[in-house]
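Number of protein chains: 2
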Amino acid sequence: MSIAAVSFSANGRHYSTPDRPVVVVCLDGCADEYLDAASSRGLMPNLVRMSIEGFRCMARGALPSFTNVNNSSIVTGVPPSVHGIGGNFFYDSTTGQEVMMNSARYLRAGTILAAAAKAGRRVAVVTAKEKLRDIFAHELNGIAFSSEKAGLARTETHGIGDVEQLVGKPTPPIYSGEASLYVLEAGAALLRDRRADFLYLSTTDFIQHKFDPDSGGALEFYAGVDVQLGRLLEWGAVVGITADHGMNSKQHPDGSPNVLYLETLLVENFGPGFRVILPITDPYVVHHGALGSFAAVHVPSTASIADVGRWLMDLDGVTEVHTRASAARKLELPEDRIGDLAVLSARDVVLGRTPACHDLKAIEGGLRSHGGRYEEMVPLIVSRPLRREYLRKAACDPRNFDIFDLTINGPLVPDC
Amino acid sequence: MSIAAVSFSANGRHYSTPDRPVVVVCLDGCADEYLDAASSRGLMPNLVRMSIEGFRCMARGALPSFTNVNNSSIVTGVPPSVHGIGGNFFYDSTTGQEVMMNSARYLRAGTILAAAAKAGRRVAVVTAKEKLRDIFAHELNGIAFSSEKAGLARTETHGIGDVEQLVGKPTPPIYSGEASLYVLEAGAALLRDRRADFLYLSTTDFIQHKFDPDSGGALEFYAGVDVQLGRLLEWGAVVGITADHGMNSKQHPDGSPNVLYLETLLVENFGPGFRVILPITDPYVVHHGALGSFAAVHVPSTASIADVGRWLMDLDGVTEVHTRASAARKLELPEDRIGDLAVLSARDVVLGRTPACHDLKAIEGGLRSHGGRYEEMVPLIVSRPLRREYLRKAACDPRNFDIFDLTINGPLVPDC
């Protein structure tokens with residue numbers, strides 16, 4: 002079956018696809034250091050070839066530097082202020098409810114994936130975490146499944162019913178590097194069998210939370226990633242790679258987590274009624290104990306938002322405090338789904354609610370996490386060289402959510 | 002002559018040197034992308050070997066991300082709040098004078114170099130820019146010269162009188178890659194001839210302001226750097242490498258500079274009397290037209306500092322605004338040498354005074370610059386593996402000005 006070179010628009014951007022497979026990969030938690038450590042050791046020959054023959058730069062992600070936020074940006078091509086997903090959940094002060102945003106119900110922008118499918122591309126999206134599938138599958142006429150629930154995918158609901166046969170492996174455990182490698186293997190198999198020609202492959206950051214870039218666990222994982230990148234290229238795809246966020250160690254030199262318990266501190270100083278929302282919180286807390294470098298603070302009417310903001314900014318370990326208006330403008334967040342104040346912490350500091358809210362046993366092996374400014378910059382690689390116009394755009398302040406644009410519209414030679 | 006394993010303290014840190022040469026290199030403007038681009042192409046085999054056999058990470062520099070500030074931090078091991086050099090110059094509001102800080106007179110902390118020499122090491126410091134020599138040579142009993150004025154070095158004043166013979170080349174032009182390579186060549190020659198065993202080598206960022214990481218000019222330069230790193234290693238040195246700051250493109254997609262003229266904007270909105278200090282300004286403006294991503298603002302008594310701060314923070318392209326107190330604490334700046342407000346701009350935005358103050362002809366080829374938060378993170382490499390205790394420290398929030406500590410005290414095996 003030949004591949005259609007189609008055109009479509011999504012959220013104000015025009016996409017003209019080549020008549021070859023297009024694959025965008027989001028490597029969850031892939032700080033640039035991981036690529037450096039593995040490629041220095043000769044473990045990523047395909048990535049190195051892509052970066053030499055194609056294009057590589059550092060790109061700025063969306064804030065807070067969390068998975069849902071950035072994956073939503075990547076598949077829509079717009080910041081959270083437009084697509085509406087500013088974290089894993091938010092507190093709706095009108096209803097008094099904490100609302101999980103794992104559902105496409107909260108997505109305010111259509112996806113590039115759905116638009117590509119509508120234009121005639123055979124689209125497949127594979128994610129490690131089931132939680133992201135609903136957003137990725139939003140209005141999508143195509144294939145969408147997670148490696149976490151690979152064995153449960155059904156043709157009627159997922160566009161595919163034989164994932165384990167396709168990959169030749171059983172469903173992997175979610176807390177593993179395999180959960181991510183399975184995503185890439187499935188993508189390569191979909192290309193091989195010509196069951197899709199427009200793919201989004203999104204991994205999980207279990208490995209990155211657990212291992213620093215130089216450690217064996219990380220190096221082995223990235224060597225495995227590179228093998229799959231080679232297969233994607235072998236099947237003729239133009240491949241774009243980026244990450245949702247970086248990853249930093251967030252602990253004291255003795256290995257204990259470096260936490261500011263904001264709700265405790267605020268109640269001690271200003272009295273009760275504060276609600277601290279940690280939008281990293283999700284059902285997968287084994288990674289990080291729900292501790293990241295971003296918090297939303299809802300201030301009770303008994304306290305002054307300005308006073309609380311100044312007080313927070315004065316705390317050691319806090320690097321930025323934004324009001325709702327400033328967070329909407331400067332952090333590109335949806336104004337109606339954030340707190341009165343948005344707080345970012347330092348490279349090695351995480352924000353918590355109260356000690357009782359966090360199970361530190363989950364992170365006894367050490368805390369590596371993300372969410373703040375120091376996990377905002379991520380690598381971006383396209384397997385083909387870019388046209389001059391795109392080189393100029395990419396030289397300004399490229400975003401990780403430009404990756405579909407760069408991969409589809411950017412390359413100098415549409416095909417070869 | 003054998004090399005003394007000596008111990009000394011500087012600014013509260015203890016240093017126990019090995020009985021082998023110690024060399025710390027500051028690669029001016031070396032964003033990590035430069036190392037990636039060159040090493041991916043096989044042009045930096047020595048750097049790659051160092052990072053595999055030794056230690057590599059990303060380190061946080063001092064703000065503003067300028068050359069004087071960070072070089073002063075590196076040679077003292079402390080942030081600007083302690084050593085006093087918060088920029089190339091400051092406005093002294095008590096005298097009404099703009100004061101250049103190229104002189105050691107403004108340094109409030111002793112250097113590691115002077116302390117090492119006093120303890121018995123034969124110290125040499127080589128800088129590309131003559132402007133830095135006075136700070137580096139502060140109370141130093143040893144060799145100190147610049148490649149810019151290599152031919153003018155005299156034994157009585159510089160501790161060496163035959164630089165051109167030593168290197169075997171004439172003084173290079175300052176606006177060249179050669180000005181930096183000459184620094185490293187001189188360092189290797191000093192080791193070869195056993196004229197020094199404790200070296201600080203600091204290059205200039207002409208290449209980085211001019212070329213992006215993938216371009217031929219940059220790749221050729223880094224290949225040359227790597228040859229010299231190989232020579233330093235060959236002479237038995239433990240080598241530590243870091244950068245003073247990164248480098249980003251600061252222009253619109255059409256190639257024109259992306260400038261916010263703060264003084265013009267402030268006077269239009271609040272009336273006269275504002276003084277905007279751009280601490281990147283120095284005698285070497287060909288690089289950057291005195292445009293960087295940091296500004297200090299002195300507010301006249303006719304305006305409210307808080308109002309002006311809020312108004313500045315609301316400008317597109319401004320990312321952070323700090324009061325004097327907040328800049329002292331959060332940016333680690335010397336409180337008496339900064340303005341009423343400190344302003345940082347976005348990855349692709351520079352801050353200017355008025356259009357008339359800047360000669361944009363100097364940057365007609367495109368503007369790459371630094372000074373802000375997005376040039377704060379830099380690579381750090383030590384040629385030897387670190388001890389567990391240092392690995393733990395380096396895993397938290399390592400700073401580029403920890404480089405002497407990491408290079409001297411960090412290695413697992415003091416010698417081999």
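Protein chains in written order, with the numbering used here: chain E, 2 to 417; chain X, 2 to 417.
Ideal Cβ placement from N, Cα and C applies to all residues, glycine included.
Counting C-beta neighbours from all protein chains within 10 Å, is the total for E/A357 16 or more, i.e. buried, or is it exposed? exposed
Thinking C-beta only, is E/G340 closer than 8 Å to E/A297? For E/A297 and E/G340, yes; Cβs fall inside 8 Å.
Three or more beta-carbon pairs under 8 Å between the segment 154–173 of chain X and the segment 29–40 of chain X, yes or no? no
Three-way DSSP call (helix, strand, coil) for X/N259 in this model: Residue state for X/N259 is assigned as coil, using DSSP reduced to three classes.
List, from N- to C-terminal side, the alpha helix (DSSP H) runs of 4 residues or more that fit wholly inside the segment 154–196 of chain X. With a minimum length of 4 residues, the continuous alpha helix (DSSP H) runs that stay inside the segment 154–196 of chain X are 156–159, 164–168, 179–193.
By how many angstroms is the C-alpha of E/V268 removed from the C-alpha of X/G225? 58 Å
For E/H253, is the beta carbon positioned less than 7 Å from some heavy atom of the ligand GDP? Ligands in the displayed structure: none, and consequently the ligand GDP is not present.
Integer Cβ distance of E/H84 from E/R123, believed to fall under 8 Å: Incorrect: roughly 24 Å between the Cβ atoms, too far for contact.
Below 8 Å on the Cβ atoms is my contact criterion, and I expect X/G143 with X/A118 to pass it. Report the Cβ-Cβ distance as a whole number of Å. 5 Å
Whole angstroms are fine: how far does the CA of E/R385 sit from the CA of E/L48? 12 Å
Roughly how far, in whole angstroms, is the beta-carbon of E/S82 from the beta-carbon of E/G372, given that I think they are within contact range, below 8 Å? With 8 Å as the limit, E/S82 and E/G372 do not qualify as a contact, their Cβ atoms being about 18 Å apart.
Proximal residues of chain E, C-beta to C-beta of X/A347 below 8 Å: Those within 8 Å of X/A347 in chain E are D398.
Name, please, each residue of chain X whose Cβ falls closer than 9 Å to the Cβ of E/D1. With chain E running from 2 to 417 in the structure shown, residue 1 of chain E is simply not present.
Pick out the complete alpha helix (DSSP H) segments inside the segment 355–411 of chain X, 4 residues or longer, and give them in chain order. Listed in chain order, they are 389–395, 404–410.
Provide the residue(s) that pair with E/R57 in DSSP beta bridges, ordered along the chain. The beta-bridge partner set that DSSP reports for E/R57 consists of E/I382.
On a Cα-Cα basis, can you pick out the residue from E/L185, E/S52, E/G178, E/G78 that is closest to E/L167? The residue with the shortest Cα to Cα distance from E/L167 is E/L185.
Same chain, Cβ closer than 6 Å to E/L263, neighbours up to 5 away in sequence not counted: V277, A296, L352
Please check if any C-beta of chain E sits within less than 8 Å of the C-beta of X/G162. no
Specify the secondary structure class of X/I281 as computed by DSSP and reduced to three states. Collapsing the DSSP output to three states places X/I281 in coil.
I need the boundaries of the beta strand (DSSP E) containing X/L200, first residue and last residue. Looking at the DSSP string, the run of the beta strand (DSSP E) that includes X/L200 is 199–203.
Contact residues within the segment 58–70 of chain X, judged by C-beta distance below 8 Å to chain E: Those would be C58, M59, R61, in chain order.
Neighbour list for X/P254 in chain E, Cβ cutoff strictly below 7 Å: R393, K394, C397
Of all the CB atoms in chain X, is at least one closer than 8 Å to the CB of E/T18? Interface residue (Cβ-Cβ distance to chain X less than 8 Å): E/T18 is not classified as such.
State the Cα-Cα distance for the pair X/I404 and X/R393, rounded to the nearest angstrom. 15 Å
What does X/K331 touch in chain E if you count any residue whose Cβ is under 7 Å from its own? T320
Rounded to whole angstroms, what's the CA-CA distance from X/T355 to X/L345? Just pull it up for me. 17 Å
Supposed contact pair X/A343 and X/A328 - C-beta distance, whole angstroms, cut 8 Å: That pair is a contact at about 4 Å.
CA-CA distance, X/V127 and X/A145? C-alpha of X/V127 to C-alpha of X/A145: approximately 6 Å in a straight line.
First and last residue of the uninterrupted alpha helix (DSSP H) at X/R311: 306–314
When we look at the beta-carbon of X/T96 and count the other beta-carbons within 10 Å, is it buried (16 or more) or exposed? exposed
Name, please, each residue of chain E whose Cβ falls closer than 7 Å to the Cβ of X/V49. Going along chain E in sequence order, the residues near X/V49 (Cβ under 7 Å) are S41.
Contact between the segment 307–321 of chain X and the segment 53–71 of chain X (3+ Cβ pairs under 8 Å): no
So, with DSSP's three-state summary, where would you put E/F90? strand
Spatial neighbours of X/D451 in its chain, beta-carbon cut-off 6 Å, leaving aside the 5 residues before and after: Coverage of chain X is limited to positions 2 through 417, which leaves residue 451 of chain X absent and any answer about it impossible.
C-alpha distance - X/S203 paired with X/L182, whole-angstrom precision: 10 Å
Positions along the segment 208–219 of chain X whose CB lies within less than 7 Å of some CB in chain E: D213
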